[in-house]
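First comes the structure, then the notes that go with it.
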Amino acid sequence: MLNDFQISVKSGPAQRTRGQLRSLQPALFQFFVDATAVFCSVLIAHIGVQTLSADAFAFSFDVAYEAQVLAGILLVVPALKGMVGLYPGYGMSPVERLRRQFMILLGTVVGVTILDLQFNDSHWLNSGLLMALLVLAILIWVSDALGRGVLMRLRLWGRPCVVVGAGKTGVDIVRRLGQNEHLGYNPVLFIDEDPGRWGTTVEGLPVVPPGGNSVDERLERYASVGILAVPHDQPERLQEMIGNLPFSTILVVPEWNGLQTVNTRVRDLSGILSLEVRRPLGASVTPMLKRSFDIVTSALLLLLVTPLLLLIAAGIKLDSRGPLLFRQSRWAGGTRSFRALKFRTMHVDAERLLQELLEADPVLRHEYEMYHKLTRDPRVTRFGRILRKLSFDELPQLWNVLIGDMSLIGPRPYMPHELVRYPHQQGVLARVRPGITGLWQVSGRHRTTFERRLELDVYYVENYSIWLDLHVLMRTVWIVMKADGA
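In UniProt numbering, the protein residues as written are 1 to 486.
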């Protein structure tokens, strides 16, 4: 059986040419979107300079210079995006994409600045160029997300992939890829050696044996990426299977779970494959930088939102009787706890009302047990619904951040009794302070189960990086702007 696992692809030149042209479409479209973003940044800078040219500032931007700036940025941006693999960027997590986009922006600023100083008579950067780069810093993120969004709608995003192994791991892979379309791996077929699975469908995909004309005909169109999801108990067999797979890209999924993914790198130890797992939270400088950011940002935000806090306080008092703030004990690691602050959004007898509701309605009780909250919660006041929708009820927690109880970004602040059944997760979550916002809040929030929230929080801690914090922060701003709160 060792040599039976053979798959041949009988694609002719015409099929290969069509496949190659189709694979180029996303990259070409992304280039067009990026070029449009660059043009818009220069155009907006031109309009801005013309508007401010009568001011006391020395703004200048002539047509010839605009052409030089446009050509320079058009030269640098696509070259850098191609070098870091963002054309098209399949298989890249949002955090890794964010990191590479930042490096592209930094490289663009450096590259265009060098070109400007080389060909511009002045030793100082032209104010028009500075404005163009500032606008580009925003548009480069927008164009990337917009381009991928359009490609997804047109069904041009992604590479068809074949999953080898229709067992538990293979099924989990197909589900995860379906939930994360941005990764760009689109499963179309299962290949499995178990005769009992041949001719059936798993997760909506056909299961076929590893050989025969039917496989050749299917792979004639879909031979692009192979995902190996089989047991690793026979290393020689695994190596043989990898050698026999005809795909240009092969992903080998390890059997173990729980290993950090974002901070893991492949290392070649003189022919021996190894995985380097980095733990930024174990370094003394990372927690210090995170805490410094928390202190400075929370202090500034408290000063900026003081008028808003006063307006909210007035609204709460006018809407219902009771205190302004709601204080609740939250877990802080081990046997420690702290008093988390929120604007009161419920009636004062909320707990009694909750118990009555759960006892009287089995459906609501099931919903509360699964999500630890209710979609239509009758305990919430009219003004409280507005505060929750805008996530303004959590603004007092900026004080918790300032005094060191919480962080701006981190795991959910759990109540002490919620983690009793999860001792392993307790140990992981205790490494960082709980956050006002976090990965679970930007990953479905009230539409996720309690177990899924816990899984996302553990993922955040074990895969922590500054880029992950930045990703969560940007997603939080977007969710608040959409008023997609609890």
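Where a beta carbon is used, it is the ideal one built from N, C-alpha and C, also for glycine. Quick caveat, the model's predicted, so the values are computed rather than measured.
- Message: Relative to the C-alpha of Val-38, which candidate in Pro-235, Leu-52, Pro-88, Asp-144 has its C-alpha closest?
- Response: Asp-144
- Item | Three-state class that DSSP yields for residue 488 in the structure shown | The first residue shown for the chain is 1 and the last is 486, placing residue 488 beyond what the model contains.
- Message: Between Val-305, Leu-304, Pro-94, which has its C-alpha nearest Leu-470's C-alpha?
- Response: Pro-94
- Identity of the residue in Arg-159, Leu-117, Gly-178, Gln-101 nearest Leu-136 by Cα: Gln-101
- Task: Could you work out which residue in Leu-402, Gly-438, Arg-148, Leu-98 is closest to residue 487 when comparing CA atoms only?
- Result: There is simply no residue 487 to check, as the chain begins at 1 and stops at 486 in what is shown.
- Which value, in whole angstroms, describes the spacing of the CA atoms of Gly-444 and Gln-50? 44 Å
- When the distance is taken between beta carbons, is Pro-287 closer than 9 Å to Leu-156? no
- Message: In this structure, how does DSSP classify Lys-373 when only helix, strand and coil are distinguished?
- Response: coil
- Message: Is the separation between the beta-carbon of residue 489 and that of Gly-170 shorter than 9 Å?
- Response: Absent from the model: residue 489. The displayed extent of the chain is 1 to 486, so no value can be given.
- Task: Assuming Leu-364 contacts Leu-357 (C-beta within less than 8 Å), just tell me the rounded distance between them.
- Result: 6 Å
- Cβ pair Gly-226, Pro-195 closer than 9 Å: no
- Local Cβ density within 10 Å of Thr-437, reported as buried at 16 or more and exposed below that: buried
- Item | Check whether Gly-91 and Leu-183 have beta carbons under 9 Å apart | yes
- Residues that DSSP places opposite Thr-437 in a beta bridge: Ile-409
- Task: Go ahead and pull the three-state DSSP assignment for His-46.
- Result: helix
- Would you kindly report the start and end of the unbroken alpha helix (DSSP H) that includes residue 500? This structure gives no information on residue 500, because the portion of the chain shown stretches from 1 to 486.
- Taking Phe-450 as part of the beta strand (DSSP E), name the residues at either end of that continuous run. That residue, Phe-450, is in no beta strand (DSSP E); its alpha helix (DSSP H) goes 450 to 462.
- Ala-314 to Glu-351, Cα distance in whole Å? 24 Å
- Would you list the residues sitting across from Ile-250 in a DSSP beta bridge? Gly-226
- Message: Against chain C, with Cβ distances strictly below 9 Å, would Glu-462 count as a contact?
- Response: Looking at the structure shown, chain C is missing, and only one protein chain is on hand.
- Which of helix, strand or coil does DSSP assign to Arg-327? strand
- Query: Can you list, in chain order, the residues of its chain whose CB lies under 8 Å from that of Asn-263, leaving out five sequence neighbours each side?
  - Reply: Val-277, Arg-278, Arg-279, Pro-280, Asn-463, Tyr-464, Ser-465
- Message: If you reduce the DSSP assignment to three classes, tell me which class Lys-482 lands in.
- Response: coil
- Residues that DSSP places opposite Ala-340 in a beta bridge: Gln-328
- Stretch-stretch touch, CB-based, cutoff 8 Å, three pairs: the region 334 to 353 with the region 383 to 401: yes
- Message: DSSP has Ile-272 in a bridge; who is on the other side?
- Response: Leu-269
- Message: Tell me the DSSP secondary structure of Val-262 in three-state form.
- Response: coil
- Query: Buried or exposed: Gln-328, going by 16 or more other Cβ atoms within 10 Å of its Cβ?
  - Reply: exposed
- Task: Would you decide whether His-417 is buried or exposed? Buried here means 16 or more other CB atoms lie within 10 Å of its CB.
- Result: exposed
- Using the Cα positions of Asp-384 and Ile-316, report the straight-line distance between them to the nearest angstrom. At residue 384 the sequence reads Gly, which differs from the Asp that was named. So the alpha carbons of these two residues sit roughly 8 Å apart.
- Task: Kindly give me the distance between the Cβ atoms of Cys-40 and Leu-146, rounded to whole angstroms, as I take these residues to be in contact under 8 Å.
- Result: Rounded, the Cβ-Cβ distance is 12 Å, inconsistent with contact.
- Task: Jot down the residue ranges of each uninterrupted alpha helix (DSSP H) in the region 135 to 197, minimum 4 residues, whole runs only, in chain order.
- Result: 168 to 179
- Query: Just checking my contact of Val-432 with Thr-476 at CB under 8 Å: how many whole Å lie between their CB atoms?
  - Reply: The pair is not a contact, with the Cβ atoms about 17 Å apart (cut-off 8 Å).
- For Thr-200, three-class secondary structure by DSSP: coil
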